[in-house]
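Going by numbering that gives the first Met the number 0, the sequence shown wraps up at 414, each residue one higher than the last.
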Amino acid sequence: MLQRVAVGRWSLDAYRDVVPERILVELREQAQALAGARILHINATSYGGGVSELLRSSVPLLRDLGLAVDWKVIAGRADFFKATKALHNGLQGASQAPTEAEKAAWLDCARENVHEIDGGYDFIVVHDPQPAALRAMYGKGDARWVWRCHIDTSEPNPETWAFLRPYLAEFDAAVFTMAQFVPPDLPVARVRTIPPAIDPLSPKNFELADETARQILDWIGVTMPGRLVTQVSRFDAWKDPLGVIAAYRLVREEIPDLQLALVGSMALDDPEGWDVYRQVAEHAGDDELIHLYTNLTGVSNVEVNAFQRLSDVVVQKSIREGFGLVVSESMWKGTPVVAGRAGGIPLQMPEGVGGLLVDSVEQCAEAMLKLLGDRALARELGHAGHEHVREHFLLPRLLADELRLLGELGTRATG
Ligand code: UDP
Numbered sequence: 000m001l002q003r004v005a006v007g008r009w010s011l012d013a014y015r016d017v018v019p020e021r022i023l024v025e026l027r028e029q030a031q032a033l034a035g036a037r038i039l040h041i042n043a044t045s046y047g048g049g050v051s052e053l054l055r056s057s058v059p060l061l062r063d064l065g066l067a068v069d070w071k072v073i074a075g076r077a078d079f080f081k082a083t084k085a086l087h088n089g090l091q092g093a094s095q096a097p098t099e100a101e102k103a104a105w106l107d108c109a110r111e112n113v114h115e116i117d118g119g120y121d122f123i124v125v126h127d128p129q130p131a132a133l134r135a136m137y138g139k140g141d142a143r144w145v146w147r148c149h150i151d152t153s154e155p156n157p158e159t160w161a162f163l164r165p166y167l168a169e170f171d172a173a174v175f176t177m178a179q180f181v182p183p184d185l186p187v188a189r190v191r192t193i194p195p196a197i198d199p200l201s202p203k204n205f206e207l208a209d210e211t212a213r214q215i216l217d218w219i220g221v222t223m224p225g226r227l228v229t230q231v232s233r234f235d236a237w238k239d240p241l242g243v244i245a246a247y248r249l250v251r252e253e254i255p256d257l258q259l260a261l262v263g264s265m266a267l268d269d270p271e272g273w274d275v276y277r278q279v280a281e282h283a284g285d286d287e288l289i290h291l292y293t294n295l296t297g298v299s300n301v302e303v304n305a306f307q308r309l310s311d312v313v314v315q316k317s318i319r320e321g322f323g324l325v326v327s328e329s330m331w332k333g334t335p336v337v338a339g340r341a342g343g344i345p346l347q348m349p350e351g352v353g354g355l356l357v358d359s360v361e362q363c364a365e366a367m368l369k370l371l372g373d374r375a376l377a378r379e380l381g382h383a384g385h386e387h388v389r390e391h392f393l394l395p396r397l398l399a400d401e402l403r404l405l406g407e408l409g410t411r412a413t414g
């Protein structure tokens, strides 16, 4: 059954002094043009990972703007999530494609969920491949359908892509984070590039006094004040947590009291998380300066806020990445970032902005050492990062871009 996700109430007025005025004006205009439209967002998890993060903040604001928005999660069993993870990995280029049984589980789940979509929506936005088969199963109707792809699908495994491709053909539009993610033979005519954004007022990103942040970290076992590098990401091989530990160990040769925190949430739709976590724990061994946390050990939004705010350097050593919200989250807090040159990360960190891009464990260690040693450079990059996020990667900009696309597609009344 599709499950409705409850979200809070929020008002765009709260963003007045945070987001550039022209962006707020633009957003209100786009929303006015769509006043009263019914929009359904469908994804695969209500917590963990970037998409749920985006929807949790977007839905209340869209409602505040006069749109009737629902967020529902496709409900699947373990075999469905195993299948969707295989699909996700295949789209990011992994060598194995989903098995026949996995393909069948993916289709069965869409078939079981599709009847739950009622007929009154003007727009249905399907996030990522997990619920993508719903479009084909739904058949004809009045709604306009958008496939919002958050992952890097520039070089999909051919067999995986051949399987998924026909299920995308009936979408009215597709949205990717970057132009280079669009697969060459995408069967959708209307394609847009819209990068995601962070919510500067959510508990993950709102202002937090240093003293409070310090207390939070002290309380969960990180010694503050103390030198700290952190990676916040799902326990996923594409985020290269083992590479982070390797780079950290190189830096430790120079800075013996440096602490490392690996903060990783376990998303409902990511069955591989615990396997990767076990590998990471094994690599960390009994090193008391390496701290491992998951959302299941009580580390949630405010703790992530404290980590991103107080770390001397935030690392995001991704090998493949869709966008990497954690990069903008850290930059927004003025913290310098060392990040893998992957997917949407360079878009967030052009030369001289936010931190340093790296391509290997050695480069990662070097960049960390540089920023730990040269605090003036770290501050300068951090400051430029904050400004860059303010201009480009705050939520109202994303919502304006998305509503512009819906406006182009037209509602049943106007189209
Ligand atoms: N996140 C979190 N707790 C964690 C790990 C991640 O809240 O322990 C959040 C993180 O702050 C970010 C999102 O999950 O908002 C991850 O999004 P990103 O785009 O970086 O990666 P994805 O998981 O979507 O691949």
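In this text, a Cβ means the ideal position worked out from N, Cα and C, and glycines have one as well.
Pairwise C-alpha distance: G140 and A172: 15 Å
Nearest to A104 (by Cα), restricted to the options E115, G343, S94 and L86: L86
Proximity of T152 and L53 at Cβ, strictly below 7 Å: no
Exposed unless 16 or more other CB atoms sit within 10 angstroms - verdict on L405: buried
Stretch pair the region 62-82 + the region 35-47: three plus CB contacts closer than 8 Å: yes
Neighbour-count burial assignment, H422, 16 or more Cβ in a 10 Å radius: Since the first and last residues shown for the chain are 0 and 414, residue 422 lies out of range.
Nearest-angstrom Cα separation, counted from I123 out to G414: Its pLDDT being 49, under 50, G414 is placed unreliably in this model, and the coordinates cannot settle the point.
Pick from A43, L402 and Y137 that is closest to F80, judged by C-alpha positions: A43
Nearest-angstrom Cα separation, counted from L64 out to E390: 21 Å
Closest by C-alpha distance to F205, when choosing among L376, G220 and L393: L393
Contacts around I344, its chain only, beta-carbon distance under 6 Å, and the 5 residues preceding and following it disregarded: E320, G323, V326 and A338
Whole-angstrom distance between L60 and W420, CA atom to CA atom: The question about residue 420 has no answer here: the residues shown for the chain are numbered 0 through 414.
Proximity test, G138 beta-carbon vs the ligand UDP heavy atom, cut-off 6 Å: no
Check: F306 C-beta below 6 Å from any heavy atom of the ligand UDP: no
DSSP three-state assignment for D184, whether helix, strand or coil: coil
Residue of L185, A32 and I244 minimising C-alpha distance to E169: L185
Minimum length 3: unbroken beta strand (DSSP E) runs contained in the region 95-163: 122-126 and 143-147
beta-carbon S201 near the ligand UDP non-hydrogen atom, thresh 6 Å: no
Through-space distance from V113 to K332, alpha-carbon basis: 41 Å
Spatial distance of R403 from V250 (CA atoms): 46 Å
Where T229 falls, given that 16 or more other Cβ within 10 Å makes a residue buried: buried
Three-state class that DSSP yields for D307 in the structure shown: For the record, residue 307 in the displayed sequence is Gln; it is not Asp. Note: Q307 maps to helix in three-state DSSP.
Helix, strand or coil at N42 according to DSSP, with G and I counted as helix: strand
Proximity test, E302 beta-carbon vs the ligand UDP heavy atom, cut-off 6 Å: no
Short Cβ contact (7 Å threshold) for Q258 with G225: yes
E252 burial status per 10 Å Cβ neighbour count (16 or more: buried): exposed
For Y292, the residue or residues it bridges with in DSSP: V262
Limits of the unbroken alpha helix (DSSP H) element including D78: A77 to L90
Cα-Cα separation between A399 and P155, rounded to whole angstroms: 29 Å
Proximity of A260 and C363 at Cβ, strictly below 7 Å: no
For L163 and A131, believed in contact at Cβ under 8 Å, the rounded distance: 7 Å
Per-residue burial, D311 [other beta carbons within 10 Å of its own, 16 or more giving buried]: buried
Rounded C-alpha distance that separates R308 from V221: 14 Å
H290 vs I244 beta-carbon contact at 7 Å: no
Buried versus exposed call for L273 [16 or more other C-beta atoms within 10 Å across all chains shown]: Rather than Leu, the amino acid found at residue 273 in this sequence is Trp. So W273 counts as exposed.
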